[in-house]
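Data first, discussion second: the structure below is written as structure tokens.
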Amino acid sequence: MDNLPLIELSKVNKIYGKLVKSQILFDITMTVPSGQFLVLIGPSGSGKSTLLNIIGALDRPTTGEVFIQGKNLGKFSDEELARFRNQFIGFIFQFHYLLPEFNALENVLVSYWIHSLKPSKEILERAMYLLEQVGLKDSVRKRINLLSGGQQQRVAIARALLNSPQLILADEPTGALDTKTGEQVLELLAQIRQESKMTMIMVTHNREVALRADRIIELIDGKLCKEVYPKTVGLHETIKILESHSCNLEDAESSLS
Ligand SMILES: Nc1ncnc2c1ncn2[C@@H]1O[C@H](COP(=O)(O)OP(=O)(O)OP(=O)(O)O)[C@@H](O)[C@H]1O
Ligand SMILES: [Mg+2]
8 MDNLPLIELS KVNKIYGKLV KSQILFDITM TVPSGQFLVL IGPSGSGKST LLNIIGALDR
68 PTTGEVFIQG KNLGKFSDEE LARFRNQFIG FIFQFHYLLP EFNALENVLV SYWIHSLKPS
128 KEILERAMYL LEQVGLKDSV RKRINLLSGG QQQRVAIARA LLNSPQLILA DEPTGALDTK
188 TGEQVLELLA QIRQESKMTM IMVTHNREVA LRADRIIELI DGKLCKEVYP KTVGLHETIK
248 ILESHSCNLE DAESSLS
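Counting with this note's numbering, you get residues 8 to 264 for the letters of the sequence shown.
Structural data, given as structure tokens:
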């Protein structure tokens, strides 16, 4: 079990449209080991969010398979997928999708409210602990729309961590924040990741963030184009690879691990 990659994608294709088909992802085959911090980069429209949503079981591939911890997600019903997502994955999006009329604590616990479940004492304590960890101890009862953008994204991070997910998926988590606030949020995520050994896949346009990853994958036109391990090849070489216009992956068929 331990030798299994946490995530395995096998020839994932995504096609939108029935009459006019447009293919967004082409034969994506890759694995992600447990504990890795993987950054996905690529031009706008290259399919990064689509890929992240498929990994996160928010969307299904048109063809191909996704395995998480050896489980074939294609065999799950929608209901099973929802349960799996809730237990296993924490999502952080560019726009945090918090409920403006509720306070920070209520937003962290939102998955309980929407199912009309009363959170246990342990869950409540964890929510409080997480809000403290993200630096919002004094704003627990503040309504979301009274918090700054950076504070709101911190609430969203606390919400994503509530169920101690093994996998964090972040789609441009600082895309809507100013540089300084974004930097603080990333610092926080890096710290949380290090402490918890969570696997994290982050889409970002921020090069500084990408350079801190264990691994960078670039998507171009829905195909895997580049793969770099900054900590292995060094920053200088990483930047050189990122700036080159050719792909260092021969073709999309090559299996990444
Ligand atoms: N539900 C959908 N129906 C049809 N086309 C879609 C749908 N979702 C995404 N697309 C198309 O798929 C392509 C890839 O979109 P995606 O959001 O994955 O790109 P991205 O790399 O995340 O871009 P960005 O950096 O701008 O967020 C785009 O051309 C987009 O228009
Ligand atoms: Mg996107």
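Note that beta-carbon positions come from the ideal geometry of N, C-alpha and C, so glycine has one too.
Computed from a predicted structure; not experimentally measured.
- One thing to note: S146 has its Cβ within 7 Å of the Cβ of A111.
- Between the C-alpha atoms of D85 and L176 there is a straight-line separation of about 19 Å.
- Taking 3 residues as the minimum length, the beta strand (DSSP E) runs contained wholly in the segment 225–261 are 230–235, in order along the chain.
- According to the DSSP assignment, L218 belongs to the alpha helix (DSSP H) that extends over R214 to L218.
- Rounded to whole angstroms, the gap between the alpha carbons of E234 and G63 is 21 Å.
- The set of residues with a C-beta under 7 Å from any non-hydrogen atom of ligand 2 comprises K55, S56, D178, E179 and V210, given in chain order.
- Take the alpha-carbon of R219 and the one of E15: they are about 23 Å apart.
- Within the segment 51–109, the complete alpha helix (DSSP H) runs of at least 4 residues fall at 55–62 and 85–95.
- Secondary structure of A177 (DSSP, three-state): strand.
- Contact between the segment 181–194 and the segment 18–33 is absent: fewer than three C-beta pairs spanning the two stretches fall below 8 Å.
- Leaving aside the five residues that flank V19 on each side, the residues in its chain whose CB is nearer than 8 Å to its CB run, in chain order, L32, D34, I35, T36, L58, I61, P68, T70, G71, E72 and V73.
- The three-state reading of DSSP puts T211 in coil, since its state is none of H, G, I, E or B.
- In the DSSP assignment, E15 forms a beta bridge with T38 and F74.
- Within the DSSP bridge table, the entry for K21 names L32 as partners.
- Spatial neighbours of R92 in its own chain (CB-CB distance under 6 Å, excluding positions within 5 residues in sequence) are listed in chain order as A64.
- According to the DSSP assignment, I164 belongs to no beta strand (DSSP E) but to the alpha helix (DSSP H) extending over G156 to L168.
- Residue pairing from DSSP places I223 in a beta bridge opposite V46 and V235.
- Its chain contains A111, Q158, R161 and V162 as the residues whose beta carbon lies nearer than 7 Å to that of L143, once the 5 sequence neighbours on both sides are disregarded; these appear in chain order.
- For G189, the enclosing alpha helix (DSSP H) begins and ends at T186 to S203.
- In the three-state reduction of the DSSP assignment, R150 falls in the strand class.
- For I31, the shortest C-beta to heavy atom distance toward ligand 1 is below 6 Å.
- Sequence-distant Cβ neighbours of F44 in its own chain, meaning closer than 7 Å and more than five residues away, are R200, M207, A220 and D221.
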